[in-house]
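Numbering that gives the first Met the number 0 puts the first residue of the first sequence at 0, with every later residue one more than the last.
Where is the CB? At the ideal position from N, CA and C, for every residue including glycine.
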Amino acid sequence: MLDLKFIRENPDLVKLGVGNKNEKNTVDEILELDKERRDFLQRTEELKAKRNTVSQEIARLKKSGENADGIVAEMRDVSDEIKSLDDKLRIISDKLNVLLLWIPNLPHESVPVGKSAADNIEDRQWLPEGFKFENEAPVLDHVELGKKLNILDFERGAKISGSGFPVYVGKGATLERALINYMLDLHLAEHGYTEMMPPLLVNRDSMTGTGQIPKMEEDMYHCEKDDLFPIPTAEVPITNFHRNEILNESDLPIKYVGYTKCFRREAGSYGKDSKGFLRVHEFNKVEMVKFVKPESSYYELENLVNDAEDILKALKIPYRILKLCTGDLSFSAAKCYDIETWSPAENKWLEASSCSNFDNFQARRANIRYRKTEDKKVDFVHTLNGSGLATSRLMVSILENYQTPEGKVIVPEVLQKYTGFKIIE
RNA sequence: GGAGAGAUGGGUGAGUGGCUGAAACCAACGGUUUGCUAAACCGUCGUAGGGGUUAAACUCUACCGAGAGUUCGAAUCUCUCUCUCUCCGCCA
């Protein structure tokens with residue numbers, strides 16, 4: 000959520016940012032409603048001030064035994080008027096609030112302006128020693144490998160649940176678990192995160208707090224009976240862990256990491272990139288979430304990316320970092336880096352992580368603040384999060400990059416002590 | 001699912017219709033005293049929104065779990081909901 004005062008004072012800046020994000024521009028409507036709201040507010044507050052003073056007068060009269068019937072009757076009318084003004088005010092405020100919830104976060108000034116993913120800018124690449132993009136031997140894709148080695152079963156997953164619900168089998172399941180454990184352990188031991196295991200079903204307020212609702216509501220699964228949502232990312236429960244709280248400045252930055260299942264309907268994306276792991280409804284992800292002081296959030300974003308990169312370097316998976324342009328930035332993000340890993344079989348880069356700074360956008364929505372040590376004032380924190388990493392696309396890269404000419408898969412060295420085996424055949 | 005108890009500021013907790021934005025205590029912060037620490041004493045100590053100001057000062061409104069209602073006036077009375085605790089039942 001943007002600060003209404005900021006919109007009031009910088010309408011052109013807001014319009015520009017919203018436009019660059021390809022979102023609907025309702026700034027003028029908002030300003031009009033805001034003006035109307037303040038008008039009503041002033042009128043109703045004047046009447047309330049009157050009511051307060053006269054009420055005391057009535058108390059005094061009654062105490063001294065005097066007759067107060069006249070002003071009591073008069074105040075009855077004032078009260079009625081307050082009620083009707085308050086009703087109108089509420090209607091206006093509700094309308095205004097809905098519009099505000101639909102205004103996206105503004106892109107940071109360092110974000111390149113662009114229309115779509117095609118305008119994203121490659122920041123850097125990292126390739127393991129001896130890596131070549133051209134393959135000498137023919138490569139199997141991850142679906143073929145999964146089938147041949149009997150470690151992944153997409154067909155049976157479809158039978159059990161539907162398409163996009165993979166089953167990990169045997170050493171495939173062990174490898175997945177090893178990967179998750181390895182990533183968690185690295186973030187705990189090397190990067191100073193605190194591990195979290197949050198609920199996988201969250202309420203509407205939490206979804207609104209991090210910005211998935213209203214815009215992405217159609218992409219969420221929904222348990223209607225209880226109005227609960229299976230999480231699309233651990234960002235939601237972990238960020239909302241501190242919803243409606245005031246943190247101490249001395250506790251910042253707070254860094255959490257958690258492994259969860261993630262659930263996404265991926266509405267409207269059928270048939271697109273739908274093979275195997277490339278688009279799934281349920282997947283595993285290790286997510287990092289940070290609560291930081293405003294002045295350090297862009298520095299923390301770079302660190303967040305580095306934390307995710309460390310995993311890929313250790314796994315020796317080729318990857319590149321993209322700086323997302325304004326048009327490809329998600330609703331709540333002010334700045335975002337995507338990390339893409341290389342798939343030799345698809346012969347392209349696959350998104351495996353997204354690291355974003357939300358500035359104070361989520362903090363406003365979720366009301367997460369901190370008290371400054373120096374002047375005791377409260378201010379909104381900045382929130383960040385990044386996948387570190389999502390396993391599905393990463394598993395594609397691991398299986399394909401680590402396959403042997405015979406179609407076996409070597410387990411990456413750092414995972415071997417977690418799997419207990421070195422090769423899948 | 002049934003029965004009961006409860007929800008007040010950073011914490012404990014008082015408060016059953018007007019003088020309560022809210023006692024008291026604790027914590028925190030500033031100061032005095034002190035060789036240092038401690039203790040004692042004095043003072044400060046909510047959030048949000050509107051008006052106002054270069055900025056303040058100042059001023060108004062709202063907020064005692066959430067929402068509605070009664071009343072000239074609600075932390076206080078009524079209703080609904082949420083959450084927490086205790087007991088019973090059911091399931092794991």
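- Scanning its chain for C-beta atoms nearer than 6 Å, with the 5 sequence neighbours on each side dropped, one finds around N180 the residues Y417, in chain order.
- K274 carries a coil assignment under DSSP once its states are collapsed to helix, strand and coil.
- Between the alpha carbons of I230 and T209 lies a gap of roughly 11 Å.
- Distance from the CA of G406 to the CA of N134, rounded to the nearest whole angstrom, comes to 14 Å.
- Only residues of its own chain outside the window of five on either side were considered, and among them V201, S205, M206, T209 and Q211 have a CB closer than 7 Å to the CB of V235, listed in chain order.
- The three-state reading of DSSP puts L15 in helix, counting H, G and I together.
- Around the beta-carbon of Y192, 16 or more other beta-carbon atoms lie within 10 Å, marking it buried.
- DSSP lists F290 as the beta-bridge partner residues of T382.
- Annotation: I159 to F153 spans about 10 Å, alpha carbon to alpha carbon.
- Per DSSP, the beta bridge partners of V166 are D152.
- Counting only the Cα atoms, E286 lies some 9 Å from I237.
- In the DSSP annotation of this structure, the continuous segment of the beta strand (DSSP E) that includes S353 starts and ends at K347 to N356.
- Boundaries of the alpha helix (DSSP H) harbouring G145: H141 to K147, taken from the DSSP string.
- In the DSSP assignment, R319 forms a beta bridge with Q124 and E339.
- Counting only residues of its own chain and dropping the five nearest sequence neighbours on each side, K20 has a CB closer than 7 Å to the CB of P103, P106, T325, G326 and L328.
- At least 8 Å separates the beta-carbon of S355 from that of K284.
- Just so you know, the alpha carbons of D11 and E31 end up roughly 15 Å apart.
- Assignment of V26 by DSSP, reduced to helix, strand and coil, places it in the helix class.
- Within the region 218-258, the complete beta strand (DSSP E) segments of 3 residues or longer fall at 227-229 and 244-247, listed in chain order.
- When C-alpha distances from L139 are compared across D374, F360, S295 and G275, the shortest belongs to G275.
- Taking the C-beta atoms as reference points, D374 is found no nearer than 8 Å to S353.
- By the criterion of a C-beta distance shorter than 6 Å, G171 is surrounded in its chain by I150 and L151, once the five residues flanking it on both sides are discounted.
- By the Cβ neighbour-count rule, I120 is exposed, with fewer than 16 other Cβ atoms within 10 Å of its own.
- Here the region 311-325 makes contact with the region 341-348; the two share three or more CB pairs at distances below 8 Å.
- Judged by beta-carbon spacing, W125 lies beyond the 8 Å limit of E301, meaning their Cβ atoms are not closer than that value.
- Around the beta carbon of G156, 16 or more other beta carbons sit within 10 angstroms, so the residue counts as buried.
- Under DSSP, M195 shares a beta bridge with G257.
- T25 and P198 have their C-alpha atoms spaced approximately 35 Å apart.
- As a beta-bridge residue in DSSP terms, K334 pairs with N356.
- Exposure of D68 is indicated by the presence of fewer than 16 other C-beta atoms within 10 angstroms of its C-beta.
- Listed in chain order, the alpha helix (DSSP H) runs fully inside the region 40-124 are 68-100, counting runs of at least 4 residues.
- For the pair S115 and K334, the CB atoms are not nearer than the 8 Å cut-off.
- With respect to the 8 Å criterion, A344 and E399 are classified as neighbours on the basis of their beta carbons.
- In this structure, Y255 keeps its C-beta atom at 8 Å or more from the C-beta atom of V291.
- Collapsing the DSSP output to three states places Q415 in a helix.
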